[in-house]
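Numbering (my numbering), first residue to last: 369 to 476.
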């Protein structure tokens, strides 16, 4: 299964809710005993740079592999394409594309 593309709006606080799926059982991965879940993002244009976003996530259902990550309004100040990675105890377990776009509705 290919990891989904995540779309977020530039300069918009948001909570992303994710589920890690075990490829063998096609069920949520058991996160019991995992001490940290991290959501990290790098630029697609310059992958060698340090992480643009490095967040510790909150596990909401360990037995079903569910967790959430809260993004602040200053995490993404530029539109563009990025790569995200999900890390369990600092081991990369999933990665994919993250796209930051402008909102069509601007608050005043």
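Here a beta-carbon is modelled for each residue, glycine too, at the ideal position from N, C-alpha and C.
Going by DSSP, name the residue or residues bridged to residue 437. For this step, residue 437 is matched to residue 69 along the chain shown. According to DSSP, residue 437 bridges with 384.
Leaving out five residues before and five after residue 478 in sequence, what residues of the same chain have Cβ atoms less than 6 Å from its Cβ? The first residue shown for the chain is 369 and the last is 476, placing residue 478 beyond what the model contains.
Please classify residue 443 as buried or exposed, where buried requires at least 16 neighbouring CB atoms within 10 angstroms. As a working mapping, residue 443 is identified with position 75 in the chain shown. By the neighbour-count definition (other C-beta atoms within 10 Å, threshold 16), residue 443 is a buried residue.
Residue 454, enclosing beta strand (DSSP E) - first and last residue: Within the chain shown, numbered from 1, the residue matching residue 454 stands at position 86. From DSSP, the beta strand (DSSP E) with residue 454 extends over 448-456.
What is the rounded straight-line gap between the Cα of residue 407 and the Cα of residue 392? On the chain shown, residue 407 is found 39 positions in, with the first residue counted as 1. On the chain shown, residue 392 is found 24 positions in, with the first residue counted as 1. Approximately 23 Å, taken between the alpha carbons.
On a Cα-Cα basis, can you pick out the residue from 441, 457, 418 that is closest to residue 427? Taking the first residue of the chain shown as position 1, residue 427 is located at position 59. Looking at the Cα atoms, 457 is the closest of the given residues.
Assign residue 419 to one of two classes, buried (16 or more other C-beta atoms within 10 Å of its C-beta) or exposed (fewer than that). Position 51 of the chain shown, counted from the start, is the residue given in the question as residue 419. It is exposed - the Cβ of residue 419 has fewer than 16 other Cβ atoms within 10 Å.
Reduced DSSP secondary structure (H/G/I, E/B, other) of residue 400: As a working note, residue 400 is residue 32 in the chain shown. Three-state DSSP puts residue 400 in coil, outside helix and strand.
Just mark residue 375 as buried or exposed, buried being the case when its beta carbon has 16 or more other beta carbons within 10 Å. As a working mapping, residue 375 is identified with position 7 in the chain shown. Answer is exposed; the Cβ neighbour count stays below 16.
In chain order, what residues of the same chain have a beta carbon less than 7 Å from the beta carbon of residue 447, not counting five sequence neighbours either side? Walking along the chain shown from the start, residue 447 turns up at place 79. Counting only Cβ-Cβ distances below 7 Å, and skipping sequence neighbours, we find 378, 468, 469, 470.
When DSSP labels each residue in this structure, what does residue 424 get in the three-state scheme? As a first step, residue 424 is located in the chain shown; it is residue number 56 there, counting from the start. In the structure shown, residue 424 sits in a strand (DSSP, three-state: E or B).
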